[in-house]
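**Q**
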Amino acid sequence: MDITFHGAAGCVTGSCHLVSCAGRRILVDCGMFQGGRELYEENAGDFGFDPASIDVLLLTHAHLDHCGRIPLLVRRGFRGEIICTAATRDLVRLVLLDSAHLHEEEARRANRRRRGGAEVEPLYDTVDALDCLDRFGREAVYGETVALWEGVRASFHDAGHILGSASILLELEEAGRRRRVLFSGDIGPGNRPLLDGPQPPAPVDAVVMETTYGDRDHRPMDASVAEFHAAVRDADARGGNVIIPTFALERAQELLFFLREGAAQGALPPDLQVFLDSPMAISATQLFRRHPEAMKDEITRMIREGRDPFRPPGLHITRDASESMALNRVRSGAVIMAGSGMCTGGRVRHHLRHNLPHADCSVIFVGFAAEGTLARIIIDGARSVKLWGKQVPVRAHVHTIGGFSAHAGQAELLDWHARTGRADGGGGPEVTFLVHGEEAARRRFAEKLPGGRVELPRIHQRYAL
942 MDITFHGAAG
952 CVTGSCHLVS
962 CAGRRILVDC
972 GMFQGGRELY
982 EENAGDFGFD
992 PASIDVLLLT
1002 HAHLDHCGRI
1012 PLLVRRGFRG
1022 EIICTAATRD
1032 LVRLVLLDSA
1042 HLHEEEARRA
1052 NRRRRGGAEV
1062 EPLYDTVDAL
1072 DCLDRFGREA
1082 VYGETVALWE
1092 GVRASFHDAG
1102 HILGSASILL
1112 ELEEAGRRRR
1122 VLFSGDIGPG
1132 NRPLLDGPQP
1142 PAPVDAVVME
1152 TTYGDRDHRP
1162 MDASVAEFHA
1172 AVRDADARGG
1182 NVIIPTFALE
1192 RAQELLFFLR
1202 EGAAQGALPP
1212 DLQVFLDSPM
1222 AISATQLFRR
1232 HPEAMKDEIT
1242 RMIREGRDPF
1252 RPPGLHITRD
1262 ASESMALNRV
1272 RSGAVIMAGS
1282 GMCTGGRVRH
1292 HLRHNLPHAD
1302 CSVIFVGFAA
1312 EGTLARIIID
1322 GARSVKLWGK
1332 QVPVRAHVHT
1342 IGGFSAHAGQ
1352 AELLDWHART
1362 GRADGGGGPE
1372 VTFLVHGEEA
1382 ARRRFAEKLP
1392 GGRVELPRIH
1402 QRYAL
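Counting in our numbering, the sequence shown runs from 942 upward without gaps.
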């Protein structure tokens, strides 16, 4: 009985953890490494295991850094079952088809610039994404046990991170020995407007735990919303636009909710024009309406009563590329929400090119930005950035509002960990593996954990359970 860490070990992205028990192999997540463009080779490289040897894949949620390499896993031989919640399954279809399209587009661009040499192939394509969707089988329900095979069971528990997100408890038995191992997935902060807070099961023997914000806490949500409204008002008063690099899952829906609330409460101008310029975020918002069972009761009631929590006044949906390009001619009074959240691709890069040079505009970052991403470069104070081979000056006002994060801060992570207990009644878990965090964050969080062994695994490192 052992566990090997094939991703998110010493970095924030690429979650992929392999458990071996009683001759079977369980993979928890199969995510993409994200950040700078140099990560292509890491994503295209060897998994560190034979995909054909995996019996089942358990998926915590639909973010690309947790599901983004599933098409590769299947293309390279995985033929087992994929199990996740119903909301995650719907979102994964959206995320992987979008990802495949982006990889195809990147390959086409690279081949147009190619001067000899082998043709560039996409990391995976749309056919690969469709093929992997056939592997999805049983749908997990929060709190209910899924029997994988004799001696191995799994249960999914609300992680409060994004729609359908889960922490996964594995109950393992081998040669008369039993272990309860909990995979946190990504943990939500518990004070979100749309979702309930995380509900970890207890007791457990071992925890594999994310530490994205293990070194700091977020601002309170109320203060963050007030700052967000103020930043939008200020740009509107200056006569400029607001660009919000937006994560399509959860963040886009929350921001639409807060824009709606701000207009209703008089915190925002009633004639504000809001453009949701992200086909993926538009589709994800439709899926939110389809899965009210995964949201707070009050949001469910709003939807059932015909009050749309995701529609502020002045909302414009821009699916077509032509509509998106037309926004580049808008010089004032627009709030433009576009992906990607870390500015590594997508329509937001065009909007940044046209708005960063103008001091009357604002760019509002409302989520995590990994090292090496364009978002992180702008946040860190760059005076100019390179877009499509040209230097673009950064004169716009740049706001970073951390309180909207879908990840728990340090204090909330510590509280989550304290609630996991220990199977033998001896306090906290016997061992905690810290993953999914930059090295400084992991180490700072490790110092805060009381009792029990703490491990900071490296990529492809194996531990006995």
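Idealized CB from N, CA, C, for every residue including glycine.
Just to confirm, is the Cβ distance from Leu1136 to Ala1028 under 7 Å?
**A** For Leu1136 and Ala1028, no; Cβs fall outside 7 Å.
**Q** Please tell me whether Phe1199 and Val1166 are closer than 7 Å, where the distance is taken between their beta carbons.
**A** Yes. Within cutoff.
**Q** Measure the alpha-carbon distance for Tyr1154 versus Glu1396 and round it to whole angstroms.
**A** Taking the straight line joining both Cα atoms gives about 17 Å.
**Q** Does DSSP put Thr1373 in a helix, a strand or coil?
**A** Thr1373: strand per DSSP, three-state reduction.
**Q** Between the alpha carbons of Leu1043 and Glu1195, how many angstroms are there, rounded?
**A** C-alpha separation (whole angstroms): 25 Å.
**Q** Assuming the contact rule is C-beta atoms closer than 8 Å, Trp1357 and Ile1184 should be a hit. Round their C-beta distance to whole Å, please.
**A** In fact, because the Cβ distance is near 33 Å, the residues do not count as touching under 8 Å.
**Q** In chain order, what residues of the same chain lie with their CB nearer than 7 Å to the CB of Thr1341, ignoring the 5 residues before and after it?
**A** Hits under 7 Å: Phe1306, Ile1320.
**Q** What is the DSSP secondary structure of Trp1329, reduced to helix, strand or coil?
**A** Coil, per DSSP.
**Q** Cβ of Cys957 within 7 Å of Cβ of Gly948?
**A** In this structure, Gly948 lies closer than 7 Å to Cys957 by Cβ.
**Q** Can you tell me the Cα-Cα spacing of Pro1134 and Thr1241, whole angstroms?
**A** For Pro1134 and Thr1241, the distance between alpha carbons rounds to 12 Å.
**Q** Tell me which residues share the same chain as Arg1055 and place their Cβ nearer than 8 Å to its Cβ, disregarding the 5 neighbours each side in the sequence.
**A** Cβ within range, chain order: Val1061.
**Q** Tell me whether Val1068 is buried or exposed, calling it buried when 16 or more other Cβ atoms sit within 10 Å of its Cβ.
**A** Classification of Val1068: exposed, given that the 10 Å Cβ count is below 16.
**Q** Run through the DSSP bridge pairs and tell me what Phe1229 is partnered with.
**A** Looking at the DSSP assignment, Phe1229 forms no beta bridge with any residue, so it has no partner.
**Q** Excluding the five sequence neighbours on either side, which residues of its own chain have a C-beta within less than 7 Å of the C-beta of His1074, listed in chain order?
**A** The question names His, yet the displayed sequence has Leu at residue 1074. Cβ within range, chain order: Arg1034.
**Q** As a quick exercise: from Ala1310, Phe1309, His1295, pick the residue whose alpha carbon is nearest that of Ser1410.
**A** Given a span of 942 to 1406 for the chain in the structure shown, any question on residue 1410 remains unanswerable.
**Q** Kindly indicate the opening and closing residues of the alpha helix (DSSP H) around Arg1290.
**A** It spans 1289 to 1296 - the alpha helix (DSSP H) in which Arg1290 sits, taken as one unbroken run.
**Q** Taking all protein chains shown into account, decide if Met1221 is buried (16 or more other Cβ within 10 angstroms of its Cβ) or exposed.
**A** So Met1221 ends up on the buried side.
**Q** By Cβ distance, which residues of its chain are closer than 7 Å to Ala1408, with the 5 residues on each side in sequence left out?
**A** This structure cannot settle anything about residue 1408, because the visible part of the chain is limited to 942 through 1406.
**Q** Please give the ranges of any alpha helix (DSSP H) in the segment 1024 to 1088, keeping only runs that are unbroken, at least 4 residues long and fully inside the region.
**A** Listed in chain order, the complete alpha helix (DSSP H) runs (minimum 4 residues) inside the segment 1024 to 1088 are 1027 to 1054, 1067 to 1074.
**Q** Residue ranges of each beta strand (DSSP E) run of no fewer than 3 residues wholly in the segment 1192 to 1242, ordered along the chain?
**A** Listed in chain order, the complete beta strand (DSSP E) runs (minimum 3 residues) inside the segment 1192 to 1242 are 1214 to 1217.
**Q** With DSSP as the reference, label Gln1140 as helix, strand or coil.
**A** Coil.
**Q** Decide if Arg1010 is buried, meaning its Cβ has at least 16 other Cβ atoms within 10 Å, or exposed.
**A** The residue is buried, with at least 16 neighbouring Cβ atoms inside 10 Å.
**Q** Under 7 Å, do Ile995 and Arg966 count as touching if we go by C-beta distance?
**A** Yes, the pair counts as a contact, with Cβ atoms nearer than the cut-off.
**Q** Let's see if you can read the secondary structure: which residues bound the alpha helix (DSSP H) around Glu1114?
**A** Segment 1107 to 1115 is the beta strand (DSSP E) holding Glu1114; no alpha helix (DSSP H) there.
**Q** Between the beta-carbon of Ala1352 and the beta-carbon of Asp1158, is there less than 7 Å?
**A** Taking 7 Å as the Cβ cut-off, Ala1352 and Asp1158 qualify as a contacting pair.
**Q** Helix, strand or coil for Cys1008, going by three-state DSSP, please let me know.
**A** Residue state, collapsed to three classes: helix.
**Q** DSSP on His1401, reduced to helix/strand/coil?
**A** Looking at His1401 - three-state DSSP - the assignment turns out to be coil, as it is neither helix nor strand.
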